[in-house]
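**Student:** Following the working numbering from start to finish, the sequence shown increments by one per residue and tops out at 395. Okay, handing you the structure first.
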Amino acid sequence: MTVKFEEHRFESKDAVKYLGVSIDPRLHFKEHAERTAKRASDTCRQLLPNLRGPRQRTRKVLATVITSQMLYGAPFWFPSITAEALHKMEVVYRRVMLRVACCYRTVSYDAVAVVSGMQPFALLAKERQKIYGGILKSVVREQLTSRWQTAFDNAANGRWTYRLIKDLAPWLRRQHGEVSFHLSQVLTGHGCFGEYLHRFGKTDSDSCALCGTAPDDTEHAVFNCDAFHNWRTETCVYLGVDQLSPDNLVNNMLRSSADWQRVSSLIERIMRTREQEERARQQAPGGVQ
């Protein structure tokens, strides 16, 4: 609506911007969420390239710039923001997490939050609100990590990641170890695996190209495939364990920086070999592209 008074024109708007926060009459913060999400998305493209770029530790530091941008004014808007408006920001935040953890874009929100070590966006906003209310950050962080653990225990998605990383606290508090592109594939189950590639129409079969076993899922590829038996045995001897399994992989990695590097090196060798095999298959006559 436009109102004229003498030589002046006054136009009504759906929201008014005050101290950087767009406020609408019903306090739904839809416009604020849209504007914030767009700005954060632009920043994400500039700071966090999808391919190559810095390692995870640096990516995580850069991600704090985007996160701070998105959480500006959270103590004010979080209590009354609608689920729809919050979801608009969570979509962009998920993209940030994917790039921090170098994950495939098909990875669920629940799984990528854990692998990247970045708290779900709603919990971060709640944290800002509680800290603004006078509660110590350490107390708030402990409370919300507990809520995150409960949510992850009961989540419908990310069940393979949950099998590997059941207890969030040791994973989040570790002082060593970065998640590489190849390690992220193993931690999420989304990557160069026959079962995954077949599900998305990249291969005609879900069987393992190296040994013929089906389905060629992450558990088979890393823990059971005969093609990598000797490499796994060498790693087990180094770690002092009888065998590696989905239930002890991450626990062994968390023991020390050296153990993390040893397991990570094994995974790098396995995944690089599988990628070479996949490229050869695609380049062969009749290969599915």
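Backbone N, C-alpha and C define an ideal beta-carbon position, used for all residues, glycine too.
1. Under the rule that 16 or more other beta-carbon atoms within 10 Å means buried, what is Tyr238, buried or exposed?
2. Consult DSSP for Met224 and reduce its assignment to one of helix, strand or coil.
3. Report the residue from Ala257, Lys232, Cys208 whose alpha carbon sits nearest the alpha carbon of Ser245.
4. Can you give the beta carbon distance from Arg234 to Ala180, rounded, assuming they're within the 8 angstroms contact cut?
5. Alpha carbon to alpha carbon, how far is Leu303 from Ala143?
6. What is the DSSP secondary structure of Phe184, counted as helix, strand or coil?
7. Using the Cα positions of Pro276 and Leu360, report the straight-line distance between them to the nearest angstrom.
8. Mapping the DSSP letters down to three states, classify Cys331 as helix, strand or coil.
9. How big is the Cα-Cα spacing for Val311 and Arg205?
10. Mark Arg158 as exposed unless 16 or more other C-beta atoms lie within 10 angstroms of its C-beta, in which case mark it buried.
11. Among the candidates Ala327, Ala320, Val167, Arg368, whose CA atom is the shortest distance from the CA of Gly223?
12. State buried or exposed for Thr324, treating a residue as buried only when at least 16 other CB atoms are found within 10 Å of its CB.
13. Quick check: the stretch 187 to 199 against the stretch 164 to 178, are at least 3 beta-carbon pairs closer than 8 angstroms?
14. In terms of alpha-carbon separation, which member of Arg380, Asn336, Trp183, Cys342 lies closest to Asp322?
15. What does a CB cutoff of less than 7 angstroms around Glu383 pick up in its chain, not counting 5 residues either side in sequence?
16. Count the other CB atoms within 10 Å of the CB of Pro160; is the residue buried (16 or more) or exposed (fewer)?
17. One question on the structure: do Leu350 and Phe329 come within less than 8 angstroms of each other, judged by their Cβ atoms?
18. Look at the Cβ atom of Ala189, then the Cβ atom of Met203, and state whether they are nearer than 8 angstroms.
19. Report the three-state DSSP secondary structure of Lys272 (helix, strand or coil).
20. Do Ile376 and Ala327 come within 8 angstroms of each other at the CB atom, strictly closer than that value?
21. Does the Cβ of Arg378 have 16 or more other Cβ atoms within 10 Å, making it buried, or fewer, making it exposed?
22. Measuring alpha carbon to alpha carbon, tell me which of Asn260, Trp183, Val171 ends up nearest Ala139.
23. Figure out for me which residue from Ala320, Leu242, Ala217 has the closest Cα to the Cα of Gln255.
24. Ile373 CB to nearest chain C CB: under 8 angstroms?
25. Quick one, which of Tyr344, Ala228, Trp266, His282 has its alpha-carbon nearest Met195's?
26. Might you give, ordered along the chain, the residues of its own chain that have their beta carbon closer than 7 angstroms to the beta carbon of Arg368, omitting 5 neighbours on each side?
27. Just mark Arg211 as buried or exposed, buried being the case when its beta carbon has 16 or more other beta carbons within 10 Å.
28. Secondary structure at Gln281, three-state DSSP: helix, strand or coil?
29. Between which two residues does the alpha helix (DSSP H) holding Thr149 run?
**Tutor:** Reading off the structure:
1. Position 132 of the sequence shown, counted from the first residue, corresponds to residue 238. Under this definition Tyr238 is an exposed residue.
2. Indexing the sequence shown from 1 puts residue 224 at position 118. Note: Met224 maps to coil in three-state DSSP.
3. In the sequence shown, residue 245 corresponds to position 139, counting from 1. Inspection of the sequence shows that residue 245 is occupied by Val rather than by Ser. That would be Lys232, whose Cα lies nearest to the Cα of Val245.
4. Stepping through the sequence shown from its first residue, residue 234 is reached at position 128. Stepping through the sequence shown from its first residue, residue 180 is reached at position 74. Contact flag correct, Cβ pair sits at about 4 angstroms.
5. To locate residue 303, count along the sequence shown from 1; it is residue 197. To locate residue 143, count along the sequence shown from 1; it is residue 37. Going from the Cα of Leu303 to the Cα of Ala143 covers about 31 angstroms.
6. For the purposes of this step, residue 184 is taken as the residue at position 78 of the sequence shown. If DSSP states are grouped into helix, strand and coil, Phe184 belongs with coil.
7. The residue you call residue 276 lines up with position 170 of the sequence shown. The residue you call residue 360 lines up with position 254 of the sequence shown. So the alpha carbons of these two residues sit roughly 8 angstroms apart.
8. Taking the first residue of the sequence shown as position 1, residue 331 is located at position 225. In the structure shown, Cys331 sits in coil (DSSP, three-state: anything other than H, G, I, E or B).
9. Here residue 311 is taken as the residue at index 205 of the sequence shown, counted from 1. Here residue 205 is taken as the residue at index 99 of the sequence shown, counted from 1. Checking the sequence, you will find Ser at residue 311 rather than Val. Spanning the two alpha carbons is a distance of roughly 29 angstroms.
10. For the purposes of this step, residue 158 is taken as residue 52 along the sequence shown, with counting starting at 1. Using a 10 angstroms sphere on the CB of Arg158, the tally of other CB atoms stays under 16, which defines it as exposed.
11. Indexing the sequence shown from 1 puts residue 223 at position 117. It is Val167 whose Cα lies nearest to the Cα of Gly223.
12. Working through the sequence shown from its first residue, we reach residue 324 at position 218. Answer is buried; the Cβ neighbour count reaches 16.
13. Three or more pairs of CB atoms, one per stretch, sit closer than 8 angstroms, so the stretch 164 to 178 contacts the stretch 187 to 199.
14. Along the sequence shown, one-based indexing puts residue 322 at 216. Among Arg380, Asn336, Trp183, Cys342, the Cα nearest to that of Asp322 is on Arg380.
15. By one-based count along the sequence shown, residue 383 stands at place 277. Around Glu383: Ala315, Leu316.
16. Mapped onto the sequence shown, residue 160 falls at position 54. Per the 10 Å Cβ criterion, exposed.
17. Within the sequence shown, residue 350 is the residue found at index 244, counting from 1. Within the sequence shown, residue 329 is the residue found at index 223, counting from 1. Yes; because the gap between Cβ atoms is below 8 angstroms, this pair is in contact.
18. Within the sequence shown, numbered from 1, the residue matching residue 189 stands at position 83. Within the sequence shown, numbered from 1, the residue matching residue 203 stands at position 97. No, the pair does not count as a contact, with Cβ atoms beyond the cut-off.
19. Within the sequence shown, the letter at position 166 stands for residue 272. Coil at Lys272, not helix or strand.
20. Numbered from its first residue, the sequence shown carries residue 327 at position 221. Numbered from its first residue, the sequence shown carries residue 376 at position 270. Yes, the pair counts as a contact, with Cβ atoms nearer than the cut-off.
21. Taking the first residue of the sequence shown as 1, we reach residue 378 at position 272. That one is exposed.
22. Translated into positions along the sequence shown, residue 139 becomes position 33. For the set Asn260, Trp183, Val171, the Cα lying nearest the Cα of Ala139 is the one of Trp183.
23. Here residue 255 is taken as the residue at index 149 of the sequence shown, counted from 1. Taking only the C-alpha atoms, the option nearest Gln255 is Ala217.
24. Checking the listed chains, one finds no chain C in this structure; it contains a single protein chain.
25. What you label residue 195 is simply residue 89 of the sequence shown in a count that begins at 1. Here the closest residue by C-alpha is Ala228.
26. Taking the sequence shown and counting its residues from 1, one reaches residue 368 at position 262. Excluding positions up to five away in sequence, the list reads Thr341, Tyr344, Leu345.
27. Within the sequence shown, the letter at position 105 stands for residue 211. Counting Cβ neighbours within 10 Å, Arg211 comes out exposed, since fewer than 16 surround it.
28. Mapped onto the sequence shown, residue 281 falls at position 175. Of the three classes helix, strand and coil, the one that applies to Gln281 here is coil, per DSSP.
29. Taking the sequence shown and counting its residues from 1, one reaches residue 149 at position 43. Here the alpha helix (DSSP H) through Thr149 covers 136 to 153.
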